[in-house]
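Participant: Sharing a structure, written as structure tokens. Questions coming.
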Amino acid sequence: MRTITTKYTPNPKPVPLPENLPPQYYSQLPLHIRPQPDKKKWRIHPSPPSEMNICKDPVAAVSGRQITMLDPTGERKALFDYRRSARSVKPGDIVRVTFKSGDPFAGVCLAIRLRGVDTSFLLRNQLTRVGVEMWIKAYSPNVEGVEIVQRTEKRKRRARLYYMRQPKHDMGSVENIVRNYLRQKSAMAGRK
Numbered sequence: 001m002r003t004i005t006t007k008y009t010p011n012p013k014p015v016p017l018p019e020n021l022p023p024q025y026y027s028q029l030p031l032h033i034r035p036q037p038d039k040k041k042w043r044i045h046p047s048p049p050s051e052m053n054i055c056k057d058p059v060a061a062v063s064g065r066q067i068t069m070l071d072p073t074g075e076r077k078a079l080f081d082y083r084r085s086a087r088s089v090k091p092g093d094i095v096r097v098t099f100k101s102g103d104p105f106a107g108v109c110l111a112i113r114l115r116g117v118d119t120s121f122l123l124r125n126q127l128t129r130v131g132v133e134m135w136i137k138a139y140s141p142n143v144e145g146v147e148i149v150q151r152t153e154k155r156k157r158r159a160r161l162y163y164m165r166q167p168k169h170d171m172g173s174v175e176n177i178v179r180n181y182l183r184q185k186s187a188m189a190g191r192k
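Throughout the sequence shown, residue numbering follows UniProt numbering, covering 1 to 192 in sequence.
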């Protein structure tokens, strides 16, 4: 049977489902009227507390704790913080490092690497006319002491003095300067 509908024709009333309809007939009903079983509610767990609120920068916290453990007085930090401290080691200075085991090493400071706990500096010297360079970790437990033997005359215009590897700029051996420094140091200690 055909029907004529216009835009003024009201929407047809939905036909209610018959009560006690057997489940085997559900598949014949359209999806939007088909009775749905009760959905299982998902259990929503509360989110764990954020670690960001406990520690904003964990790497800086760990490295700071290590520095306070390795350098409780803060002398080493001040000795190599050449940007802020005027009394610190600067590139071009002659430095003598004594170790807990092994011979001391002296040389010209070519570069300083400020990396928190991994702060290190490069010393260059000549042993038997052969150029020798050594990276030394500033906070290493094996390093017993760091002394500035002689300051550079003028402030160097570079932070890394790798040009001193060339024969034209190489200072050569610093053993005589270190020997004079140790002699003066022992004479000063003898007067007291």
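We put the beta carbon where it would ideally sit given N, CA and C, even for glycine.
Can you round the beta-carbon distance between R124 and G107 to whole angstroms, since I take them to be within the 8 angstroms contact cut?
Facilitator: Yes, R124 and G107 are in contact; Cβ-Cβ is about 5 angstroms, under 8 angstroms.
Participant: Applying the 10 Å Cβ sphere with the 16-neighbour rule, what's the burial state of I112?
Facilitator: Buried, since its Cβ has 16 or more Cβ neighbours within 10 Å.
Participant: Tell me, to the nearest whole angstrom, how far the beta carbon of E144 is from that of F99; I am working on the premise that it is less than 8 angstroms.
Facilitator: The pair is a contact, with the Cβ atoms about 6 angstroms apart (cut-off 8 angstroms).
Participant: In chain order, what are the residue ranges of uninterrupted alpha helix (DSSP H) at least 4 long that sit wholly in the stretch 4-70?
Facilitator: Qualifying alpha helix (DSSP H) stretches, in chain order: 51-54, 58-70.
Participant: Within the continuous beta strand (DSSP E) that includes E147, where are the two ends?
Facilitator: E147 -> beta strand (DSSP E) spans 143-150.
Participant: Alpha carbon to alpha carbon, what distance is there between N53 and L182?
Facilitator: Those two C-alpha atoms are separated by around 53 angstroms.
Participant: In the DSSP output, what is S140 paired with across the bridge?
Facilitator: Answer is none; S140 lacks a bridge partner.
Participant: Quick one: give me the first and last residue of the beta strand (DSSP E) that A159 is part of.
Facilitator: Counting along the chain, A159 falls outside any beta strand (DSSP E), and DSSP gives it neither H nor E.
Participant: DSSP three-state call for Q166: helix, strand or coil?
Facilitator: Reduced to three states, the DSSP call for Q166 is coil.
Participant: For M188, name the three-state secondary structure that DSSP assigns.
Facilitator: Correct three-state label for M188: helix.
Participant: Is R76 helix, strand or coil when you go by DSSP?
Facilitator: Three-state result, R76: helix.
Participant: Would you say L122 and L110 are within 7 angstroms of each other, going by their C-beta atoms?
Facilitator: Contact flag set, yes.
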